[in-house]
Structure formats: structure tokens, C-alpha cells
Amino acid sequence: MSVRFPDFRLGKVLATSFTGTLSERRGDAVERIPTPDRLVDWLAVSGLAVESCTTAQLERARELREAIHAAATAAARRDPLPAPAVQVINDFSTQGRAAAVLTPEGNRQWRLGPPPSSVEDALGVIAADAISILAGERDGKLALCASPTCQAAFFDTSQSRTRRWCEMNTCGNRQKKARFHAHKHENPASAK
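The opening position of the sequence shown corresponds to residue 1042 in my numbering, with each subsequent residue numbered one higher.
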């Protein structure tokens, strides 16, 4: 029997997608990278394929994830960035060996260090992406999911910069359903 893991929640922004590997932080938390192999899977679907991952590398990845989450949450609230989180992000950014390369289609891809590519190389790319967002170098703004059980930091690139949910298909729909059911129970006659 194979083990069933929760689906990945992939966004368009690498660093905030990475923080989404732990979701429902304010409710029943869902760990989406519970094993080293699952981190390898997430990195592969995120364009950062590595051959393997150890338990120690998984723990380091989670350390980076939490540092990015703490810094992004502070930035979204317009609070000072926590110095320990900044230090962790900077440390990871300087440890990886990766280079941006241009594809024939005009897209940027990351080429991790010489084979075998390591988890540290991939985490360096994620840390660099977080730095570009936190430093305000990208067009968009950091926001927090309006779901009371989620509150994930996400990067809002919508035209109006007023997005409320980290993902409409999960948090947004859940909140809409909750409002619908609450309205239905308050006004049973309108539900017919």
C-alpha cells in the first residue's frame, strides 16, 4: 500500500509557494513535505530537481521555510523583519551554487551547481527569491491569507493588489462555503 501525501499548493512565486508546504498554520497544520523524498518531489515540480535529500537537509529546508514565513509575515504586516529570520535567509542564499539561465523561449530557469545537484543549491535559489520579494524588487506586494485557519503569506500580483486568499481554490472557496452555510442557517426561508 502506498502512502498518500497531501497535494502540493503551487503558486507562481517560488519563495511563498515554499512556505505553503506547511499550510493551515492557525488550524490543523498540514505538512506537505513530511519526508526527504517528498521534498525532492516538491523541488522537482518547482524546477529545482535534485537527486536525493537526507533527513538533516529536510530539517534545514524547514528552517528556511519558517524563516521566509516569519519575514514575509512581518513584511505583509509592515513590521520590522525579524533579525534571526533575515540571518537564516541570507545564510542559505550564500551557500547554494546555482545560476540563472535563459531558455530559448525567453524564460529564466535555474541551473543548480555541478552534478550532483544538492538540496543546498535549491534552497539557495529559494532564499534568493525570498530576498527579491522582501527587498521590494518584484512587482507585487506581500499579503496574508484572510482565512483565519491559514494566514499564509503570499505575493499578490493581481492588478489591484487586493487579493484576499493565498489560493482561491482552497482557502477562498472554503470561506465562501462557510459564509453560504451561515447565511442559510440564519435565513432558512432564503435557502429554498
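Beta carbons: idealized from backbone N, C-alpha and C, even for Gly.
Under the 10 Å beta carbon count, glutamine 1098 is surrounded by 16 or more other beta carbons and is classified as buried. Sequence-distant partners of isoleucine 1109 (beyond 5 residues in either direction) whose C-beta falls short of 7 angstroms from its own C-beta, in its chain, are Ala1056, Phe1059, Thr1060, Ile1130 and Ala1171. Proline 1156 and serine 1188 have their C-alpha atoms spaced approximately 42 angstroms apart. Minimum Cα-Cα distance from glutamate 1178 among the listed residues Glu1092, Ala1169 and Thr1095 corresponds to Ala1169. In this structure, DSSP gives glutamate 1072 an extended state, which the three-state scheme calls strand. The residue from Ser1173, Ser1093, Val1081 and Ile1167 with its alpha-carbon nearest to that of arginine 1138 is Ile1167.
In the displayed model, arginine 1204 falls within coil according to three-state DSSP, outside both helix and strand. Excluding sequence positions up to five before and after leucine 1084, its CB lies within less than 6 angstroms of the CB of Val1091 and Ala1163, all in the same chain and listed in chain order. Counted as a single uninterrupted DSSP element, the beta strand (DSSP E) harbouring valine 1142 occupies residues 1139-1143. If one requires a minimum length of 4 residues, the alpha helix (DSSP H) runs lying completely within the region 1056-1123 are 1077-1086 and 1096-1117, in chain order. Counting only unbroken stretches of 4 or more residues, the alpha helix (DSSP H) elements lying wholly within the region 1130-1180 are 1160-1175, in sequence order. Per DSSP, the unbroken beta strand (DSSP E) holding lysine 1182 starts and ends at 1182-1185. Under DSSP, alanine 1194 takes part in a beta bridge, and its partners are Leu1185.
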